[in-house]
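What follows is a set of notes on a single structure, which appears directly below.
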Amino acid sequence: MARRLDPIALSKPFVFVACLLPLAWLVWLTIHGDLGPDPVARLEHETGAWALRLLLATLALTPLRRLGAGAGVIRYRRMLGLFAFFYASVHLAVYLIVDLGGFWSQILQEIARKPFVTAGFVAWLLMIPLAATSTRAMMRRLGGRWQKLHRLIYPLAILAVLHFVWQVKYGETIAVREPLIYAGILAVLLALRVPDWLRRARRSGAQQQ
Amino acid sequence: MRRYAVPAPPGSQITPESTWLRRRQILKALALAGPALAAGCGRAEDGAGAQAAELPGEPLTVTGRSAYSTDETRTSLRDATHYNNYYEFGTGKDDPWRRSGRFKPAPWSVEVAGHAELTGRFALEDLVKPHTLEERVYRMRCVEAWSMVIPWVGIPLADVLKRFRPTSQAKYVAFTTVERPAEMPGLSYPVLRWPYREGLRIDEAMHPLALLAVGLYGRTLPAQNGAPLRLVVPWKYGFKGIKSIVRIDFTESQPATSWNLSAGDEYGFFANVNPAVSHPRWSQASERRIAGDGLNLLGNRIATLPFNGYADQVASLYAGMDLRIHY
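Line by line, the protein sequences give chains A and B.
Our numbering puts the first residue of the first sequence at 28, with every later residue one more than the last.
Our numbering puts the first residue of the second sequence at 24, with every later residue one more than the last.
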């Protein structure tokens, strides 16, 4: 009768709630009027930053497993990835509805003409197929193609970091530090994968010969 | 015309004080402000309690009232003094009030030079004394696409400049900000070419809307807003409103200006508010208005008006100029 306790399964509800805490905190600040002088800019910044943090956390799981954190950590990947998509969607909604609301012609102009807006929007678009195919049923249906599709996370993470770096105003040497920290973390997470990619490329090259 | 109605009582009485007097925010400010607030406490009137401790500067006697004032909802005193761009104190919006505690706005003098009959060094008191201080509630549009409504206290710039009797060679007026690394921690970063420099064409400088401000909300300027003397040019982007002025030059050629030197394709010499000319990285067609109690999230965005709504007064200054080229 003593089924073995599965710590990952047990911890998942807590991780789920923890991922909702930033949202709860922002709602609390909004209700209490404590978002500061420019509340909309603050909401945009915080929701975007949390989307990026969760995206990087998602990307950190595979290297963590390699570094000996246990195979189980990979089971958090779907939840973290979906929360990254969730915060990115809230971020986009705040921008489109709360910030630009009523100025619809400006929306098209900004998405099409401002590179930092374009980068962020494309990153969000690329997340849609990943979120849509995150179920076990879709994984089975897509088979080997699932993995290929989900490699989209690499270009979209790069776009998300660029989106953050590019919107900093000229000369804001301090403001640019935060996006550059994320860029650095992403660079490390990608670099840790390079040996694997090389090995796989060599193997498939050998098969072709 | 509604927009230019004569204002009611001075700003110090109208500011929604509830916003910044709330206990929680005072506690937060006390916890975070450190030396800046300690200095503020020292200057507060005797026995006035927490309310006076939060008020910046000293009260000013404002006698004149300007017909140029707007009656739009004002920005709260707290927001106007806690959300600033003043890179000499740091590039964060809260750096200017947090990191300006060591700044000494007195004694102060201004060096006047160039093409004028009267030049030399003038004490701030001597510059201001012959004039009547008036309050002007102006819209302030930042190039970053946010705006405020601020009751300034000051003197028409033209009235001050005329006293130096500029000669016919004075085609421009250049201004310089003080440069004191010991008091302004942002100066350790080469963000801009210090000292900060700005300038106006002489006809712009002589326009009655251009104001030399010494206060806001009925009190002297706090350090973060450009103490003790700053420029306010309401039809131009905020960065033209140079702060803590120590030098005025009457020049024959167009003076170099700080933002234009650093990123000329983004910030022009004229920098008139213009919804039709986009910043290379964002639209200038609309702006987020920081006013009232900040609780209404929706509806803060408003359309940006040509010359920040002062087109009737100033558009003629630029007759025949292509403002897409002279942005």
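Glycine included, each C-beta is placed from N, C-alpha and C at the ideal position.
The structure presented is a predicted model; accordingly, all values stated were derived computationally and were not measured.
Run down chain B in chain order and give the residues with a C-beta less than 8 Å from the C-beta of residue i.
{"i": "Gln174/A", "result": "None at all; the shortest Cβ gap to chain B is about 37 Å."}
{"i": "Gly75/A", "result": "Chain B residues near Gly75/A: none, gap ~15 Å exceeds 8 Å."}
Only counting the same chain, and skipping five residues up and downstream in sequence, which positions put a Cβ closer than 7 Å to that of residue i?
{"i": "Gly232/A", "result": "none"}
{"i": "Leu244/B", "result": "Gly80, Ala236, Val237, Gly238, Ala250, Pro251 and Arg253"}
{"i": "Tyr333/B", "result": "Leu232, Pro257 and Trp258"}
{"i": "Phe273/B", "result": "Gly137, His138, Ala139, Pro189, Ala193 and Val196"}
Whose Cβ in chain B lies nearer than 9 Å to the Cβ of residue i?
{"i": "Leu127/A", "result": "Ser309 and Arg324"}
{"i": "Asp65/A", "result": "Asp102, Tyr106, Lys116, Trp169, Arg311, Ile313, Gly317 and Asn323"}
{"i": "Phe148/A", "result": "What Phe148/A touches in chain B: nothing, since even the nearest Cβ is about 14 Å away."}
In terms of residues, what are the limits of the alpha helix (DSSP H) holding residue i?
{"i": "Val42/A", "result": "Pro34 to Ile58"}
{"i": "Asp118/B", "result": "Asp118 to Arg121"}
{"i": "Ser116/A", "result": "Arg104 to Ala120"}
{"i": "Glu71/A", "result": "Pro66 to Leu91"}
{"i": "Ala228/B", "result": "Ile225 to Ala228"}
{"i": "Trp193/A", "result": "Ile180 to Trp193"}
{"i": "Arg125/B", "result": "Taken as a continuous stretch (DSSP letters only), Arg125/B belongs to no alpha helix (DSSP H), as it is neither H nor E."}
Under 9 Å Cβ-Cβ, which residues of chain A neighbour residue i?
{"i": "Trp305/B", "result": "Glu137, Lys141, Phe143, Val144 and Gln194"}
Can you find the residues in the same chain that come closer than 8 Å, C-beta to C-beta, to residue i, ignoring five residues on each side of it along the sequence?
{"i": "Ile313/B", "result": "Thr98, Asp102, Tyr106, Trp169, Ser170, Met171 and Asn323"}
{"i": "Ile101/A", "result": "Leu88, Thr89 and Arg92"}
{"i": "Pro156/A", "result": "Leu176 and Leu179"}
Just to confirm the assignment, what range does the beta strand (DSSP E) spanning residue i have?
{"i": "Pro236/B", "result": "For the sequence presented, residue 236/B should be read as Ala rather than Pro. It spans Leu234 to Leu239 - the beta strand (DSSP E) in which Ala236/B sits, taken as one unbroken run."}
{"i": "Ser132/A", "result": "Run containing Ser132/A: none in the beta strand (DSSP E); it sits in the alpha helix (DSSP H), Trp131 to Arg140."}
{"i": "Phe273/B", "result": "Ile268 to Thr274"}
{"i": "Met207/B", "result": "That residue, Met207/B, is in no beta strand (DSSP E); it is neither H nor E in DSSP."}
{"i": "Leu258/B", "result": "In the sequence on display, residue 258/B carries Trp and not Leu. Segment: none, Trp258/B is in no beta strand (DSSP E) and carries neither H nor E."}
Look at the alpha carbon of residue i and the alpha carbon of residue j, and state the distance between them as a whole number of angstroms.
{"i": "Ala246/B", "j": "Gly113/B", "result": "13 Å"}
{"i": "Ile325/B", "j": "Gln307/B", "result": "11 Å"}
{"i": "Leu225/A", "j": "Val67/A", "result": "44 Å"}
{"i": "Gly75/A", "j": "Tyr181/A", "result": "18 Å"}
{"i": "Leu183/A", "j": "Met154/A", "result": "7 Å"}
{"i": "Asp118/B", "j": "Arg125/B", "result": "13 Å"}
{"i": "Arg220/A", "j": "Pro213/B", "result": "37 Å"}
{"i": "Arg163/A", "j": "Phe112/A", "result": "18 Å"}
{"i": "Tyr161/B", "j": "Ser161/A", "result": "54 Å"}
{"i": "Val133/B", "j": "Val125/A", "result": "45 Å"}
{"i": "His349/B", "j": "Phe292/B", "result": "7 Å"}
{"i": "Ser116/A", "j": "Trp151/A", "result": "7 Å"}
{"i": "Leu78/B", "j": "Arg105/A", "result": "51 Å"}
{"i": "Gln133/A", "j": "Trp305/B", "result": "10 Å"}
{"i": "Leu186/A", "j": "Val144/A", "result": "10 Å"}
{"i": "Val337/B", "j": "Phe43/A", "result": "57 Å"}
{"i": "Val188/A", "j": "Leu37/A", "result": "33 Å"}
Identify, in the order they occur along the chain, each residue of the same chain with its Cβ nearer than 6 Å to the Cβ of residue i, setting aside the five sequence neighbours on each side.
{"i": "Gly99/A", "result": "Ile35"}
{"i": "Ile178/B", "result": "His154 and Leu235"}
{"i": "Tyr290/B", "result": "Trp282 and Asn283"}
{"i": "Glu95/B", "result": "Val172"}
For residue i and chain E, any beta-carbon pair shorter than 9 Å?
{"i": "Ser301/B", "result": "No chain E is part of this structure, whose protein chains are labelled A and B."}
Applying the 10 Å Cβ sphere with the 16-neighbour rule, what's the burial state of residue i?
{"i": "Ser123/B", "result": "buried"}
{"i": "His335/B", "result": "The question names His, yet the displayed sequence has Asp at residue 335/B. Exposed, because fewer than 16 other Cβ atoms sit within 10 Å of the Cβ of Asp335/B."}
{"i": "Gly170/A", "result": "exposed"}
{"i": "Glu148/B", "result": "exposed"}
{"i": "Ser309/B", "result": "buried"}
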